[in-house]
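> Can you keep this structure in mind? I'll have questions shortly.
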Amino acid sequence: MTLFDVYPLFPIDIQRSHGCHVYDQHGRRYLDFYGGHAVVSIGHSHPHFLKRVKDQMDKIAFYSNFVENELREVLAAKLGALSGYADYQLFMVNSGAEAIENALKLASFQNGRTKVVAFGKGFHGRTSAAVKITHDPSIQAPINHGFEVEYLPFEDLEAVEKALAKGDVTAVVIEGIQGIGGINEPSADFLRGLSTLCEAHGTCLVLDEIQSGYGRTGRFFAHQHAGIRPDLITIAKGMGNGFPIGGVIISPKFKARHGLLGTTFGGTHMACAAALGVLEVIENELLIENAAKQGERLKAELQGFEGIKEIRGRGLMIGVEFEFPAAPFRKKLMEDFGVFTGSSSNKNTVRLLPPLCVSDEEIEEFLGAFKACLEAVLETVSL
Ligand SMILES: Cc1ncc(COP(=O)(O)O)c(C=O)c1O
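Numbered by our numbering, the letters in the sequence shown go through residues 10 to 392 in order.
Quick look at the structure:
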């Protein structure tokens, strides 16, 4: 059997890791400012996380959802306390797309409607409903066209009001900060306006915090900078530091009933142990505070670099837009300087998503490499 060839791969086979660094098959060290797709929140191979997962593996790895599992309760309580959503409920799944699917189902169960409002350049996953609300027809198969979606631009509250006024919109779905779209942040006023409009029209507000959540922007969730409380919040990526786990955080106004949602693997013993390990490290090592501090510093230092058109984002979720295509720059930064960064659907933008534990020395290392690479690239491009 061969692999179904859907990923363009760099010839790097990562064999081991530590903190913000990974090592390939030749022992070469790379500085990871991509976090494996914003997944590595507390750093690679964190000893507390590894111990949590290994200890759990020695006891029981999995049992299904027809018996109690205390770890789930402990995780929900800890997540509620750290995120400021102690009064909300948690449903666990295995990935971001699944979290979106379940959030949309909950919204639709709640108000009986089927239409969704989503936003231009948004990304919400690849499964059926998640990909349908993703603003990219090239990744939607005919079978995904199951319900109506209206894509609107950010900041146009009038357009949102017009869409919601018909009374047929089940949910408005928005990323806390758009990730794959190129690090685009909705304003606090826009988020507050969405919240008010959703409330007024019986529409559920779904905040997709799969990439922007879990402390990455310097608050537990990006939308908390705007002071809103959505109906549903989707989480994944940083939640397990690489262990597959996702979830929907659900407002108390949604009432559960047995059989309403379900999954074989959601919230397994192993996944809960991993997710608890992550929260314990985030809390004990003040990683949210670190993300805010290091992000401010990164942005401030990058401002002084030549060739940069715009710097966007918050905390350790930063987009750097050049005056030229970013792909050759990212390739050179990786091959010649040993630094990983992320791409985006905005071709001129590089995404910076390092682990939340990034240190002063690693910021220095990154800035030195980024600057030298930028100078080398600027010599070859005509602006
Ligand atoms: C904002 C956002 N939502 C949803 C997803 C889908 O998550 P997953 O790939 O775990 O299904 C992603 C993945 O990149 C994402 O960035």
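All C-beta atoms, glycine included, are put in the ideal place defined by N, C-alpha and C.
#1: Beta-carbon separation of Ile-189 and Leu-216 under 8 Å?
#2: How many Å lie between Phe-338 and Ala-197 at the Cα?
#3: To the nearest whole angstrom, what separates the beta carbons of Glu-289 and His-57, a pair I think is in contact under 8 Å?
#4: If you measure between the beta carbons of Ile-23 and Asp-14, is that distance less than 8 Å?
#5: Counting along the chain, where does the beta strand (DSSP E) carrying Ala-265 start and finish?
#6: Taking DSSP as the reference, what is the three-state secondary structure of Gly-271?
#7: So, helix, strand or coil for Thr-358, using DSSP?
#8: DSSP on Asp-217, reduced to helix/strand/coil?
#9: Look up Glu-294 in the DSSP assignment and say whether it is helix, strand or coil.
#10: Give me every residue whose Cβ sits closer than 5 Å to any heavy atom of ligand 1, in chain order.
#11: Hey, Gly-256 and Met-101 are a contact pair by Cβ (cut 8 Å); roughly how many whole angstroms apart?
#12: Could you tell me the boundaries of the alpha helix (DSSP H) in which Val-15 lies?
#13: Once the 5 residues before and after Lys-87 are set aside, which same chain residues still bring their CB inside 7 Å of it?
#14: Bridge partners for Glu-319 per DSSP, in chain order?
#15: From what residue to what residue does the beta strand (DSSP E) around Met-101 run?
#16: Suppose the cutoff is 6 Å on Cβ atoms and the five residues either side in sequence are ignored; what does the same chain contact list for Leu-206 look like?
#17: Using 8 Å as the threshold, is the C-beta distance between Glu-110 and Thr-143 below it?
#18: If you run the structure through DSSP and keep just helix, strand and coil, what is Ile-258?
#19: In three-state DSSP terms, what is Ile-148?
#20: Can you round the beta-carbon distance between Ala-235 and Ser-221 to whole angstroms, since I take them to be within the 8 Å contact cut?
#21: Taking Cβ to Cβ, would you say Ser-352 is nearer than 8 Å to Ala-335?
#22: DSSP three-state label for His-232, please.
#23: Taking just the CA atoms, how far does Thr-179 sit from Leu-200?
#24: Taking 8 Å as the cut-off, decide whether the C-beta atoms of Phe-42 and Thr-350 are in contact.
#25: Run through DSSP, which three-state label would Arg-81 get?
Quick answer:
#1: Against a cut-off of 8 Å, the Cβ pair of Leu-216 and Ile-189 comes out as no contact.
#2: A straight line joining the alpha-carbon of Phe-338 with that of Ala-197 spans about 32 Å.
#3: The Cβ separation is near 6 Å, so the contact holds.
#4: Their beta carbons are not under 8 Å apart, which means Ile-23 does not touch Asp-14 by this criterion.
#5: Counting along the chain, Ala-265 falls outside any beta strand (DSSP E), and DSSP gives it neither H nor E.
#6: DSSP places Gly-271 in the coil class of the three-state scheme, outside both helix and strand.
#7: Strand, per DSSP.
#8: DSSP, read as helix, strand or coil, puts Asp-217 in strand.
#9: Note: Glu-294 maps to coil in three-state DSSP.
#10: That gives Ser-104, Gly-105, Ala-106, His-133, Gly-134, Glu-184, Gly-188, Asp-217, Ile-219, Gln-220, Ala-245.
#11: Between Gly-256 and Met-101, the beta carbon gap of about 5 Å places them in contact (Cβ cut-off 8 Å).
#12: Premise fails: Val-15 is in no alpha helix (DSSP H) and is neither H nor E.
#13: Within the same chain, and ignoring the five residues on either side of Lys-87 in sequence, the residues whose Cβ sits closer than 7 Å to its Cβ are Leu-285, Leu-288.
#14: Beta-bridge pairing links Glu-319 to Glu-330.
#15: DSSP places Met-101 inside the beta strand (DSSP E), whose first and last residues are 98 to 102.
#16: The answer, listed in chain order, is Val-169, Glu-170, Leu-173.
#17: Contact flag unset, no.
#18: Here Ile-258 sits in strand by DSSP.
#19: For Ile-148, the secondary structure class from DSSP, reduced to helix, strand or coil, is helix.
#20: The Cβ separation is near 12 Å, so there is no contact.
#21: Contact flag set, yes.
#22: Three-state result, His-232: helix.
#23: For Leu-200 and Thr-179, the distance between alpha carbons rounds to 17 Å.
#24: Going by C-beta atoms, Phe-42 is nearer than 8 Å to Thr-350.
#25: Reduced to three states, the DSSP call for Arg-81 is helix.
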